[in-house]
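A.B. asks: For the sequence shown, the UniProt record's numbering begins at 1 and goes up steadily by one.
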Amino acid sequence: MEFVLLGFTDIPQFQWFLFGIFLVIYMIILLGNGVIILITRVDAILQTPMYFFLRNFSFLEICYVSITLPRMLMDLWTQKGTISLFTCATQMCFFLILGTTECFLLAVMAYDRCVAICDPLHYPLVMCPEVRIRLVVASWISAVPVQIGQTCQIFSLPFCGSNTINHFFCDIPPLLKLACGDIFVNEMVVYIFGILFVTVPFLLILGFYIRIISTILKLPANTGWTKAFSTCSSHITVVLLFYGSATVTYLKPKSNQHEGIDKMISLFYTILTPMVNPIIYSLRNKDVRKISFLLTVN
């Protein structure tokens with residue numbers, strides 16, 4: 001009826017240190033993404049499709065990290081990692097839904113940049129408010145029934161023997177290691193959904209950026225190269241951080257070795273990427289830097 005999340009119990013002497021570090025990280029994530037939501041909402045200069053998607057992405061990051069980090073902080077504080085079967089399933093379901101939403105939303109943001117650079121004259125028409133809202137809503141709800149079904153499938157497996165999950169949250173790979181019997185079908189479903197929801201959006205992003213680069217290279221060297229690349233550099237950095245770590249976790253061969261490394265990789269796309277996103281967008285975007293400075297001064 002319950003599992004035990006080991007978390008970082010293999011280094012008990014650092015439990016309170018880790019609690020402090022992750023608490024500070026959580027505050028940075030909430031503050032950084034919250035500031036982006038605020039300034040892109042209230043400032044008239046930032047009422048463009050790009051900042052509309054960025055605002056939604058920042059809100060998504062707050063939701064995404066709140067699925068795992070508060071629970072991990074509680075486990076570090078209480079020195080206990082027990083979690084009920086229902087809570088574990090709920091955490092996994094929301095984590096998968098929000099993770100898939102992030103993949104789709106990153107693809108939508110790449111499409112936005114592609115239209116803005118490759119077809120600027122039609123950009124206001126293509127990215128009208130109705131289209132923007134539909135793209136965001138589709139990103140949020142497309143994977144809901146699929147991931148609910150996948151969660152139900154995994155938790156319908158028989159779990160016998162150990163109930164210890166060598167992870168800091170309920171994720172698919174460590175849970176499948178506890179299942180009894182033949183889990184080949186379940187593993188294939190994980191790979192198929194991984195390819196569908198991770199690889200396909202990544203290929204779309206890659207295709208959009210190939211078109212962007214080919215368009216930029218046709219421009220004279222002194223007409224907008226720097227500006228065009230600067231509008232994309234933040235998004236590219238976030239894509240590489242998120243997709244790189246997520247791909248290693250979900251599409252790598254199953255192994256019982258180096259589980260500590262798997263946890264470290266998971267930290268990248270669950271905690272560190274949401275933390276650096278506001279920093280990346282603030283440092284790379286002069287409009288966000290300018291408005292943030294004015295809000296600070298005022």
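Quick reminder that beta carbons are idealized off the backbone N, C-alpha and C, glycines included.
#1: For residue 296, which residues from the same chain have a beta carbon less than 6 angstroms from its beta carbon, with the 5 sequence-adjacent residues on both sides left out?
#2: In angstroms with no decimal places, state the Cα-to-Cα distance between residue 75 and residue 17.
#3: Within its chain, find whatever has a CB closer than 8 angstroms to the CB of residue 109; leave out the 5 residues flanking it on each side and keep chain order.
#4: Any contact between the stretch 28-46 and the stretch 109-119? By contact I mean 3 or more CB pairs, one from each, below 8 angstroms.
#5: Whose CA, out of 211, 27, 120, lies closest to the CA of residue 66?
#6: Within 10 Å of its beta-carbon, does residue 293 have 16 or more other beta-carbons around it, so buried, or fewer, so exposed?
#7: Would you report the Cα separation of residue 88 and residue 166, rounded to the nearest angstrom?
#8: Within 7 angstroms: the Cβ of residue 266 and any heavy atom of the ligand SAH?
#9: Taking the C-alpha atoms as reference points, what is the distance between residue 143 and residue 193?
#10: Can residue 150 and residue 96 be called in contact, C-beta distance under 8 angstroms?
#11: When you compare the CB of residue 280 with every CB in chain B, is at least one pair closer than 8 angstroms?
#12: Where do the ends of the alpha helix (DSSP H) carrying residue 73 lie?
#13: Just mark residue 7 as buried or exposed, buried being the case when its beta carbon has 16 or more other beta carbons within 10 Å.
#14: Using the Cα positions of residue 100 and residue 217, report the straight-line distance between them to the nearest angstrom.
#15: Going straight from the alpha carbon of residue 12 to that of residue 80, what length do you get?
#16: Return helix, strand or coil for residue 84, following the three-state DSSP convention.
#17: Pick from 21, 15, 161: whose alpha carbon is nearest that of residue 272?
#18: Reducing DSSP to helix, strand and coil, say where residue 164 ends up.
#19: How is residue 5 classed by DSSP in three states: helix, strand or coil?
C.D. replies: Inspection of the coordinates gives the following:
#1: For residue 296, the pLDDT reaches just 47, beneath the cut-off of 50, and the residue's location in the model is therefore unreliable, leaving the point undetermined.
#2: 13 angstroms
#3: Cβ neighbours of residue 109 beyond the five flanking positions: 50, 53, 54, 57, 235.
#4: no
#5: By alpha-carbon distance to residue 66, the top candidate from 211, 27, 120 is 27.
#6: At residue 293, the pLDDT of 47 sits below 50, so the modelled position is not reliable and the matter cannot be decided from this model.
#7: Distance between the alpha carbons of residue 88 and residue 166 is about 13 angstroms.
#8: For the ligand SAH, the structure offers nothing, since it holds no ligand at all.
#9: 10 angstroms
#10: One thing to note: residue 150 has its Cβ within 8 angstroms of the Cβ of residue 96.
#11: Included in the structure is just one protein chain, with no chain B present.
#12: 69-78
#13: buried
#14: 32 angstroms
#15: 12 angstroms
#16: In the structure shown, the three-state DSSP call for residue 84 is strand.
#17: Measuring C-alpha to C-alpha distances from residue 272 to each of 21, 15, 161 identifies 21 as the nearest.
#18: strand
#19: strand
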